[in-house]
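In my numbering, the protein residues as written are 125 to 273.
Note that CB positions come from ideal geometry on N, CA and C, so glycine has one too.
Worksheet: the structure to be examined is printed underneath.
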Amino acid sequence: QSTWGCIIDPHFLSVLCMTVVRKGEKDIAGLTDTNKPRALGPKRASKIRKMFGLSKEDDVRQYVIRTPKPKSKPFKDGSVRTAAPKIQRLITPERIQRKKRLALTKKKRFLAAKASREEYERLLVKVNKQRRDSKRSSRSSARASASSS
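Right under this line is the structure:
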């Protein structure tokens, strides 16, 4: 029993974390002769869908793999307590509502910025026109005073 040149004691195989890449001619007792299921199920909604072949309309929460907790105290009716992971990337009505609200506030901000920019440009045109008019009037008055003298 070797792993890349290291001899492993069969008593410590439960502690060792490794992946069997290629099986030899004989099975290793307790390692390759038995098939252990995964301790934990998937946590992400899309991975749960993939594992059970669900569509987007199916409720993922009903397919979460629950882990029994034998050390904790059972319920009053005698059933064993279980723990389930919090499903990530789960599309809920609250999440859809939040997404709509964020999109709406983004649109409102965009429209408000556009309106204020248009207002500023109108004001700029008005101010520039006043400056041009005042320059013209000062020039004309300067010409008039120069021609009269």
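Paired residues, beta bridge with residue i - DSSP
| i | result |
| --- | --- |
| T206 | P192 |
| Q254 | Answer by DSSP bridge pairing: none, since Q254 is not bridged. |
| R168 | Q212 |
Cβ neighbours of residue i in the same chain (closer than 7 Å, five flanking residues each side left out)
| i | result |
| --- | --- |
| K147 | T156 |
| R173 | V184 |
| R256 | none |
CB contact flag (residue i, residue j, <9 Å)
| i | j | result |
| --- | --- | --- |
| R246 | I211 | no |
| F176 | Y187 | yes |
Cβ neighbours of residue i in the same chain (closer than 8 Å, five flanking residues each side left out)
| i | result |
| --- | --- |
| S170 | R213 |
Three-state class that DSSP yields for residue i in the structure shown
| i | result |
| --- | --- |
| Q125 | Interpretation of Q125 is limited by its pLDDT of 46, a score under 50 that renders its predicted location unreliable; no figure is taken from the coordinates. |
| I220 | helix |
| D133 | coil |
| K232 | helix |
| V144 | coil |
| K259 | helix |
| R267 | helix |
Nearest-angstrom beta carbon gap, residue j and residue i [assumed within contact, 8 Å]
| i | j | result |
| --- | --- | --- |
| T216 | R190 | Their Cβ separation, rounded to whole angstroms, is 20 Å, which puts T216 and R190 out of contact at 8 Å. |
Close beta carbons around residue i, own chain, < 6 Å, minus the five adjacent residues each side
| i | result |
| --- | --- |
| G165 | I189 |
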